[in-house]
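**Student:** Residue numbers for the first sequence, in the working numbering: 1491 to 1683.
All residues carry an ideal CB built from backbone N, CA and C; glycine is no exception.
First, the structure itself, so that you have it in front of you.
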Amino acid sequence: MNPILPIEFFSRPAPQVAPELLGCLLVRQWQGQRLAGMIVEAEAYQGMEDQACHARVGKTARNTVMFGAPGRAYVYFTYGMHWMLNLVCESEGIPAAVLIRAIKPVEGLDAMRALRPHLADTNAWLNGPAKLTQALGITREQNGTDVCSTDGGLWVEKGASAPLEQVRLTPRIGLGATPEPWLSLPWRWEWKF
DNA sequence: CGGCCGATTATCT
DNA sequence: GATAATCGGCCGG
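Put into structure tokens, the structure is as follows:
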């Protein structure tokens, strides 16, 4: 087992943390099995000033975890059916998080297929934020989980770092009517190889 | 690959 | 009452 990313890793601005998460291993302990995938796409959401961030309107019941300690999972429900996994960054009081958008399955493929039948047909890529939460069995129950410990069954292990020339920076996805400049900030990192 | 569309409901105004 | 950090199916190129 590789070293678990410590709280210090997350105690920084999200745009700094997000690219460094590429290549790291997202690990889930699920019904006695170890499920894991390499993070290959992530987006940063940083501060109340970021008009794409859920925290732009201040603290609410849903986004409270983002205002809290770093190294926690911020899991929220959207579109009436999907769960999204974020990792909280920055020190307490500053809302910031990295949305995990895609992973390459590495361990526990059979269990992932059981959780997400669609994975059986396609090539084994979980290229979407709601796809990977489904394959890892992540829901509301993981909201607030400390990912710097194995106690909550969800953590991140240090992995290979992505070669700079293989990392693409693009604007974030699905922001709708978000105003500029936030709409176009290159805060999405994708490891293409 | 890109675009459009319907599904489905917690959360916020 | 409106919106949403999406997905899968179906279309056209």
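Taking the alpha carbon of L1577 as the reference point, which residue from I1663, S1501, P1493, A1526 has its own alpha carbon closest?
**Tutor:** It is S1501 whose Cα lies nearest to the Cα of L1577.
**Student:** Would the beta-carbon of L1644 fall within 8 angstroms of that of P1661?
**Tutor:** No, these two residues do not count as a Cβ contact at 8 angstroms.
**Student:** Per DSSP, which one or two residues make a beta bridge with Q1536?
**Tutor:** BP columns for Q1536 point to A1586.
**Student:** Could you check how far apart the C-beta atoms of L1512 and V1657 are, in whole angstroms? I think they sit under 8 angstroms.
**Tutor:** Right, their Cβ atoms sit about 6 angstroms apart.
**Student:** Taking T1668 as the reference, which of Y1566, P1496, D1540 has the closest Cα?
**Tutor:** Selected option, being the one with the closest Cα: D1540.
**Student:** For T1668, write down the residues that DSSP places opposite it in a beta bridge.
**Tutor:** Answer is none; T1668 lacks a bridge partner.
**Student:** What is the rounded straight-line gap between the Cα of K1594 and the Cα of N1617?
**Tutor:** Approximately 8 angstroms, taken between the alpha carbons.
**Student:** If we count the other Cβ atoms within 10 Å of its Cβ and call it buried at 16 or more, is R1591 buried or exposed?
**Tutor:** The residue in question, R1591, is buried, as its Cβ has 16 or more Cβ neighbours within 10 Å.
**Student:** Does the structure place the region 1557 to 1567 close enough to the region 1595 to 1615 that three or more beta carbon pairs sit under 8 angstroms?
**Tutor:** Contact fails: fewer than three Cβ-Cβ distances are below 8 angstroms.
**Student:** If you count every other CB in all the chains shown that lies within 10 Å of the CB of G1527, and 16 or more means buried, which is it?
**Tutor:** With 16 or more Cβ atoms within 10 Å of its Cβ, G1527 is classed as buried.
**Student:** For C1514, which residues from the same chain have a beta carbon less than 8 angstroms from its beta carbon, with the 5 sequence-adjacent residues on both sides left out?
**Tutor:** Around C1514: L1495, M1528, I1529, V1646, E1647, K1648, G1649.
**Student:** Nearest CA to the CA of P1683: which residue from P1653, L1665, T1550, M1491?
**Tutor:** Per the sequence shown, the amino acid found at residue 1683 is Phe instead of Pro. Ranking the options by Cα distance to F1683, first place goes to P1653.
**Student:** Helix, strand or coil: how does DSSP classify D1636 here?
**Tutor:** Looking at D1636 - three-state DSSP - the assignment turns out to be strand.
**Student:** Please go through the same chain and pick out, in chain order, the residues whose beta-carbon is closer than 6 angstroms to the beta-carbon of A1545, but skip the five residues on each side of it.
**Tutor:** So the list reads M1538, N1553, M1556, P1585, once near-sequence residues are dropped.
**Student:** Between A1610 and Q1523, what straight-line distance do the alpha-carbon atoms span, to the nearest angstrom?
**Tutor:** So the two alpha carbons sit approximately 18 angstroms from each other.
**Student:** Which residues in the same chain as G1642 place their Cβ atom closer than 8 angstroms to its Cβ, once the five residues preceding and following it in sequence are excluded?
**Tutor:** The answer, listed in chain order, is A1563, Q1632, T1635, D1636.
**Student:** Could you name the residues of the same chain whose beta carbon sits closer than 8 angstroms to that of E1533, not counting the 5 residues immediately before and after it, in chain order?
**Tutor:** Hits under 8 angstroms: A1508, V1588, L1589, R1591, R1662, I1663, W1677, R1678, W1679.
**Student:** Counting C-beta neighbours from all protein chains within 10 Å, is the total for G1627 16 or more, i.e. buried, or is it exposed?
**Tutor:** The residue in question, G1627, is buried, as its Cβ has 16 or more Cβ neighbours within 10 Å.
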